[in-house]
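Residue numbers (full-length UniProt numbering): 1 to 104. Glycine included, each C-beta is placed from N, C-alpha and C at the ideal position. Note that this is a predicted model, so its numbers are computed, not measured.
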């Protein structure tokens, strides 16, 4: 089995987050490099903490992703999760974009 971390979206902010366990106390960070990575049996503790965080309305839809440990830290194994971790792959316009709505 691959090295994995748990990811979800923070309920209030909507940001991508990663689970960290410090002395078995869970918290969520937006930095994948700070995530707690686990393999096999150790992953069960992360799963329980993620599920409890969802029940406590801290995060939405937690799930495990494969990661790779490098010299610079943890990175997501798939392109999809790399994009979630680092943000859009194109430059977004800096100006305010207006959304028009038709009256019903």
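6 Å CB neighbourhood of residue i in its chain, flanking five on each side removed
i: residue 95; result: none
i: residue 15; result: 30
i: residue 18; result: 5, 7, 29, 32 and 35
Segment limits, alpha helix (DSSP H) that includes residue i
i: residue 83; result: 79-86
Alpha-carbon spacing of residue i relative to residue j, whole angstroms
i: residue 27; j: residue 85; result: 17 Å
i: residue 29; j: residue 41; result: 23 Å
i: residue 44; j: residue 89; result: 33 Å
i: residue 65; j: residue 20; result: 14 Å
i: residue 93; j: residue 23; result: 42 Å
i: residue 70; j: residue 79; result: 16 Å
i: residue 46; j: residue 13; result: 22 Å
i: residue 48; j: residue 55; result: 11 Å
Contact set for residue i: own chain, Cβ-Cβ below 7 Å, skip 5 residues either direction
i: residue 82; result: 75 and 76
i: residue 67; result: 3, 4, 5, 37, 74, 75, 76 and 77
i: residue 57; result: 11
i: residue 72; result: none
Neighbourhood of residue i by C-beta distance below 8 Å, restricted to the same chain and skipping five residues each side
i: residue 39; result: 1, 2, 3 and 4
i: residue 53; result: 8, 19, 26, 28, 59 and 62
i: residue 51; result: 62
Residue i - DSSP class collapsed to helix/strand/coil
i: residue 74; result: strand
i: residue 56; result: coil
i: residue 35; result: coil
Endpoints, beta strand (DSSP E) assigned at residue i
i: residue 4; result: 4-10
i: residue 25; result: 25-29
i: residue 21; result: 16-22
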